[in-house]
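These protein sequences, in sequence, are chains F and P. Quick note on numbering: our numbering labels position 107 of the first sequence as 112, and the sequence is numbered without any gaps. Quick note on numbering: our numbering labels position 253 of the second sequence as 691, and the sequence is numbered without any gaps. Each remark here refers to the structure printed beneath this line.
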Amino acid sequence: MKILVPVKRVPDAETTIKVNPEGNGIVEAGVKWVVNPFCEIAIEEALRIKESGAEAEVVLVTIGTTDSQEQLRTGLAMGADRAILVTADNSDPWVVARILAKIIEQESPDVVVMGKQAIDDDSNVVGQLLAELVGWPQATFISELTLEDGNAAATCVREIDGGLETVKIPLPAIVTADLRLNEPRYASLPGIMKARKKPLDEIDAGSLGVDLTPMLTVKNLVPPAERQGGRLVESVDELISVLQSEAKVL
Amino acid sequence: MSNVLVYAEHAHGKLPKATAVAVTAAKEAAAKMGGGDVILGLFGSDISSVSADAGKLGAAKVATIENGALEHHTADMATAALKAIADATDCDRVVLASTSKGKDIAPRLAGALGASIATDVTAINDDGTLVRPMYAGNAFATVEMHGDKKVFTVRTTAFEAAPEDGSATVEAIGADVAAPANAIQFVSVEETKSDRPVLTEAERVVAGGRGLKSGENFTKILEPLVDALGAAMGASRAAVDAGYVPNDLQVGQTGKVVAPTLYIAVGISGAIQHLAGMKDSKVIASINKDPEAPIFQISDFGLVADLFEAVPEMTEKVKGL
Numbered sequence: 006m007k008i009l010v011p012v013k014r015v016p017d018a019e020t021t022i023k024v025n026p027e028g029n030g031i032v033e034a035g036v037k038w039v040v041n042p043f044c045e046i047a048i049e050e051a052l053r054i055k056e057s058g059a060e061a062e063v064v065l066v067t068i069g070t071t072d073s074q075e076q077l078r079t080g081l082a083m084g085a086d087r088a089i090l091v092t093a094d095n096s097d098p099w100v101v102a103r104i105l106a107k108i109i110e111q112e113s114p115d116v117v118v119m120g121k122q123a124i125d126d127d128s129n130v131v132g133q134l135l136a137e138l139v140g141w142p143q144a145t146f147i148s149e150l151t152l153e154d155g156n157a158a159a160t161c162v163r164e165i166d167g168g169l170e171t172v173k174i175p176l177p178a179i180v181t182a183d184l185r186l187n188e189p190r191y192a193s194l195p196g197i198m199k200a201r202k203k204p205l206d207e208i209d210a211g212s213l214g215v216d217l218t219p220m221l222t223v224k225n226l227v228p229p230a231e232r233q234g235g236r237l238v239e240s241v242d243e244l245i246s247v248l249q250s251e252a253k254v255l
Numbered sequence: 439m440s441n442v443l444v445y446a447e448h449a450h451g452k453l454p455k456a457t458a459v460a461v462t463a464a465k466e467a468a469a470k471m472g473g474g475d476v477i478l479g480l481f482g483s484d485i486s487s488v489s490a491d492a493g494k495l496g497a498a499k500v501a502t503i504e505n506g507a508l509e510h511h512t513a514d515m516a517t518a519a520l521k522a523i524a525d526a527t528d529c530d531r532v533v534l535a536s537t538s539k540g541k542d543i544a545p546r547l548a549g550a551l552g553a554s555i556a557t558d559v560t561a562i563n564d565d566g567t568l569v570r571p572m573y574a575g576n577a578f579a580t581v582e583m584h585g586d587k588k589v590f591t592v593r594t595t596a597f598e599a600a601p602e603d604g605s606a607t608v609e610a611i612g613a614d615v616a617a618p619a620n621a622i623q624f625v626s627v628e629e630t631k632s633d634r635p636v637l638t639e640a641e642r643v644v645a646g647g648r649g650l651k652s653g654e655n656f657t658k659i660l661e662p663l664v665d666a667l668g669a670a671m672g673a674s675r676a677a678v679d680a681g682y683v684p685n686d687l688q689v690g691q692t693g694k695v696v697a698p699t700l701y702i703a704v705g706i707s708g709a710i711q712h713l714a715g716m717k718d719s720k721v722i723a724s725i726n727k728d729p730e731a732p733i734f735q736i737s738d739f740g741l742v743a744d745l746f747e748a749v750p751e752m753t754e755k756v757k758g759l
């Protein structure tokens, strides 16, 4: 089987993001760029399917600038087989979904495993939108994936408000990973060496014949309102007293 | 003039607060994004009583599809139902709450309608642009949606719940929404049993972090305080990652967003992604033994103390109030 794993290059979660003075982006100086954490979980899950004995090829795909090669190499070092970089200068969810739909048409994967959201724009859109565009079933926010019926279907446990839901989806299908699906491995040194020789194809988005017009335009960015905090109290008694008399919430 | 459709999420014959919140956002969308009426789209099996309740939320009409295949609101079937209702009631905007169901369905519906999509919207500007958080709430973007149709989800803490003072008519839509051959099949649901308030709706939240050191301590140390305060219990991602508590308690960028009147953070250091889920709370108090913990920077009141002593003491004193 073939497993397609879309990945995204994002600022590291530990980095404090600041809006730039122009209000049209973030301050990029000092930002460390990484594979989106949920995409890492997706890569790990694809590798586990492969290692569980299913004859599988794990193909990574990203949409971005050539800088994203770094994140594809990370995924290859974890153990993916090959990677595709579609060069495009915007990451509008509709544009990304249209491009991925085209890649699906070209690659014919059996399953697409991807992160539930990227931690830069926090959209949580592409997996579901893509599923509709290609007419496949979806299982979002999954914490467990089991292939069944000779790899013709997958049973997925989904993280929902107030509990867990189990669904069964026929393949081909799209699943999006939540936090507890697995704990991604680190790339090993031999893995990193091997990754250098694995195929990484570059495709210009313009050559795919898909509509690259964004459906959403970010007009400007502002920082959040500052919260005034930092006052310390000395004891439990004082804490209860200020919550009662000053904050009036007890 | 086209109308605004609201996804009427419901469970166990009841409408959650999230649906009433989405109605408020839809009224704003009608006023600022092209006019029209607010229509509630409600579907499922056995929906007559919940349809009547929906009629009170101030929409112009409740449009329903009663069909056993729609019972579980699986994303593909919910999309088909909402598209059918949108078409039948001439809606070009669809509003859903940012709940796990809303998040699952909204982008798929946008795909089916060819609509632009924005998620987790916190405000609707007078010019029809929307505001949404990015980068774990470290930036708020003003976004313009393109195209004739628009789908968006709203953050449930950012809009008030619509009052129950309406009396809309309930109208069944004659729509054929048969399941496709490759439909998503619902198998089962396992609901966390709790007598506590719903985390995203609670007036008070007490949340624990890795400082609690074990799931057992959540039960022994934190829960008595949670219950003494009549609060909902939350947790940091670190505590979920460590396996102390289930993921549906997670407050943060990739968990739930809460804005209670009182949020008490216990043994939570205050990672950026946690703050994204709770910093709009009215009053934040925190207890942590590390005076350098970032949580103190955004807390109205901080207590530097060993939580294993301070929390039981606080529990006893709160009980005595």
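Even glycine gets a Cβ: it sits at the ideal position worked out from N, Cα and C.
Smallest Cα separation from residue i: which of the options?
{"i": "Val131(F)", "options": "Ala59(F), Ser96(F), Leu186(F), Pro16(F)", "result": "Ser96(F)"}
{"i": "Ile559(P)", "options": "Ala548(P), Lys539(P), Gly585(P), Val589(P)", "result": "Note that residue 559(P) corresponds to Val in the displayed sequence, not to Ile. Nearest of Ala548(P), Lys539(P), Gly585(P), Val589(P) to Val559(P), Cα basis: Val589(P)."}
{"i": "Leu637(P)", "options": "Gln735(P), Ala680(P), Val696(P)", "result": "Val696(P)"}
{"i": "Thr145(F)", "options": "Glu164(F), Arg78(F), Val63(F)", "result": "Glu164(F)"}
{"i": "Glu654(P)", "options": "Phe624(P), Asp614(P), Arg634(P), Gly681(P)", "result": "Gly681(P)"}
{"i": "Pro601(P)", "options": "Met583(P), Ile659(P), Ala456(P)", "result": "Ala456(P)"}
{"i": "Gly30(F)", "options": "Leu77(F), Leu237(F), Leu226(F), Val238(F)", "result": "Leu226(F)"}
{"i": "Arg675(P)", "options": "Gly668(P), Ala669(P), Asp542(P), Pro684(P)", "result": "Pro684(P)"}
{"i": "Leu547(P)", "options": "Leu568(P), Asn576(P), Lys587(P)", "result": "Lys587(P)"}
{"i": "Ile622(P)", "options": "Leu508(P), Ile477(P), Thr594(P), His712(P)", "result": "Leu508(P)"}
{"i": "Leu568(P)", "options": "Ile611(P), Glu504(P), Ala467(P), Asp614(P)", "result": "Ala467(P)"}
{"i": "Gly58(F)", "options": "Glu45(F), Met6(F), Lys107(F), Ala106(F)", "result": "Met6(F)"}
{"i": "Ala714(P)", "options": "Ile555(P), Arg570(P), Met515(P)", "result": "Arg570(P)"}
{"i": "Ala102(F)", "options": "Ala200(F), Ser246(F), Lys13(F)", "result": "Lys13(F)"}
{"i": "Asp216(F)", "options": "Ala61(F), Pro98(F), Ala85(F), Ala158(F)", "result": "Pro98(F)"}
{"i": "Ala418(P)", "options": "Gln688(P), Phe578(P), Leu480(P)", "result": "The structure shown does not extend to residue 418(P), since chain P spans only 439 to 759, so no value can be given for it."}
{"i": "Lys107(F)", "options": "Val39(F), Leu9(F), Gln74(F)", "result": "Leu9(F)"}
Using beta carbons (cut-off 7 Å, strictly below), is residue i in contact with chain P?
{"i": "Ser250(F)", "result": "no"}
{"i": "Arg190(F)", "result": "no"}
{"i": "Gly168(F)", "result": "yes"}
{"i": "Ile5(F)", "result": "For residue 5(F) there is no data in the structure shown, the boundaries of chain F being 6 and 255."}
{"i": "Ser96(F)", "result": "no"}
{"i": "Pro26(F)", "result": "no"}
Here's the rule I'm using: 16 or more other beta-carbon atoms within 10 Å means buried, otherwise exposed. How should residue i be labelled?
{"i": "Thr70(F)", "result": "exposed"}
{"i": "Ala185(F)", "result": "Sequence inspection shows Arg at residue 185(F); the Ala mentioned does not correspond to that position. Buried, by the Cβ-count rule."}
{"i": "Tyr573(P)", "result": "buried"}
{"i": "Gly235(F)", "result": "exposed"}
{"i": "Lys37(F)", "result": "exposed"}
{"i": "Tyr701(P)", "result": "buried"}
{"i": "Thr21(F)", "result": "exposed"}
{"i": "Ser626(P)", "result": "exposed"}
{"i": "Asn25(F)", "result": "exposed"}
{"i": "Gln233(F)", "result": "exposed"}
{"i": "Pro618(P)", "result": "exposed"}
Would you say residue i lies against chain F (beta-carbon separation less than 7 Å)?
{"i": "Glu762(P)", "result": "There is simply no residue 762(P) to check, as chain P begins at 439 and stops at 759 in what is shown."}
{"i": "Met471(P)", "result": "no"}
{"i": "Leu660(P)", "result": "no"}
{"i": "Ile523(P)", "result": "no"}
{"i": "Leu741(P)", "result": "yes"}
{"i": "Gly549(P)", "result": "yes"}
{"i": "Ala748(P)", "result": "yes"}
{"i": "Ser483(P)", "result": "no"}
Taking 6 Å as the cut-off, is the C-beta of residue i nearer than that to any heavy atom in the ligand ZN?
{"i": "Ile503(P)", "result": "Annotation note on the ligand ZN: not contained in the displayed structure, which lists no ligands."}
Closer than 7 Å by beta-carbon distance: list the chain P residues that pair up with residue i, in chain order.
{"i": "Gly69(F)", "result": "Within 7 Å Cβ-Cβ: nothing; Gly69(F) doesn't reach chain P, min ~17 Å."}
{"i": "Lys173(F)", "result": "Gln623, Val625"}
{"i": "Ile22(F)", "result": "Tyr573, Asn576, Ala577"}
Mind pulling the chain F residues with CB within less than 7 Å of residue i?
{"i": "Asp738(P)", "result": "Gly234, Arg236, Ala252"}
{"i": "Leu759(P)", "result": "Leu255"}
{"i": "Thr630(P)", "result": "Gly167, Gly168"}
Which residues in chain F have a C-beta closer than 8 Å to the C-beta of residue i? List them in chain order.
{"i": "Tyr682(P)", "result": "In chain order: nothing, as chain F lies at least about 12 Å away."}
{"i": "Met752(P)", "result": "Val241, Leu244, Ile245"}
{"i": "Lys717(P)", "result": "Pro229, Arg232"}
{"i": "Phe597(P)", "result": "Neighbours of Phe597(P) on chain F: none; closest Cβ ~17 Å, over 8 Å."}
Chain P partners of residue i, CB-CB under 8 Å?
{"i": "Leu221(F)", "result": "Ser554, Ile555, Ala556, Val581, Glu582, Met583, His584"}
For residue i, which residues in chain F fall below 9 Å Cβ to Cβ?
{"i": "Leu700(P)", "result": "Leu248, Ala252, Val254, Leu255"}
{"i": "Val756(P)", "result": "Ile245, Leu255"}
{"i": "Thr457(P)", "result": "Chain F residues near Thr457(P): none, gap ~13 Å exceeds 9 Å."}
{"i": "Ser538(P)", "result": "Thr145, Phe146, Arg163, Glu164, Ile165, Asp166, Gly167, Glu170"}
Show which residues of chain P have a CB atom less than 9 Å away from the CB atom of residue i.
{"i": "Ala18(F)", "result": "Ala574, Gln691, Ala709, Ile710, Gln711"}
{"i": "Asn136(F)", "result": "The sequence given here places Ala at residue 136(F); Asn does not occur at that position. Within chain P, the residues near Ala136(F) are Ala513, Asp514, Pro545, Arg546, Gly549."}
>> Going residue by residue through the region 449-500 of chain P, where are the continuous alpha helix (DSSP H) segments of at least 4 residues, counting only ones entirely within it?
In response: Runs found: 455-470, 486-492.
> Mind pulling the alpha helix (DSSP H) runs of 4 or more residues that sit fully within the region 660-696 of chain P?
Replying inline: 661-666, 675-679
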